[in-house]
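Numbering-wise, the sequence shown is residues -18 to -1, 1 to 120 according to mature numbering (1 follows the signal peptide of the UniProt record, and there is no 0).
Have a look at the structure below before the remarks.
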Amino acid sequence: FTPVLFFSLYYILTTIQTITISSSQFPHQSPQLQEPSISHYSSLQEPSISHQSSLPEPSENKSPSSYFPLCPKNFTNYLPCHDPSTARQYSIERHYRRERHCPNSAHEKLRCLVPKPFGYKTPFPWPDSRSYAWFKNV
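Put into structure tokens, the structure is as follows:
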């Protein structure tokens, strides 16, 4: 019974103390509002903003297909660097068929691989790579 009484007394005293501290920090006077003077705004320079679009508006007689050309039907489920005909050659076990594989010919490899950005460095080894990274690699 005494620990419960101790903790409840402690709780009551701390809440009263925080209420008195918070009320003494913020007086009940309302702040005086001042009218903004024009002299404060005269020194600011407003940037010139144009709200008109710089893109040409599509004309009424153009159809949507001529404004934005549609992709061919064989590009419906297109994935870059993924050839479904060669993917069928791989095993279905562990969904290996669904993974992307590098193409075989040199011509396709050039079109598939994304080049490294300028200044790219070899990343830090694990576990340092969790905390550190080269600036250009990010």
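Glycine included, every Cβ here is placed at the ideal spot set by N, Cα and C.
Is it true that the CB of residue j sits closer than 8 Å to the CB of residue i?
i, j, result
"residue 118", "residue 99", "yes"
Would the C-beta of residue i count as close to the ligand SAM, meaning under 7 Å from any of its heavy atoms?
i, result
"residue 70", "The ligand SAM is not part of this structure, which contains no ligands at all."
Starting from the C-beta of residue i, find all residues in its chain whose C-beta is less than 8 Å away, skip the five residues before and the five after it, and write them out in chain order.
i, result
"residue 56", "none"
"residue 78", "72"
"residue 115", "105 and 106"
Identify the continuous alpha helix (DSSP H) that holds residue i and give its terminal residues.
i, result
"residue 67", "66 to 69"
Spatial neighbours of residue i within its chain, please: C-beta separation below 6 Å, excluding the five flanking residues on both sides.
i, result
"residue 70", "none"
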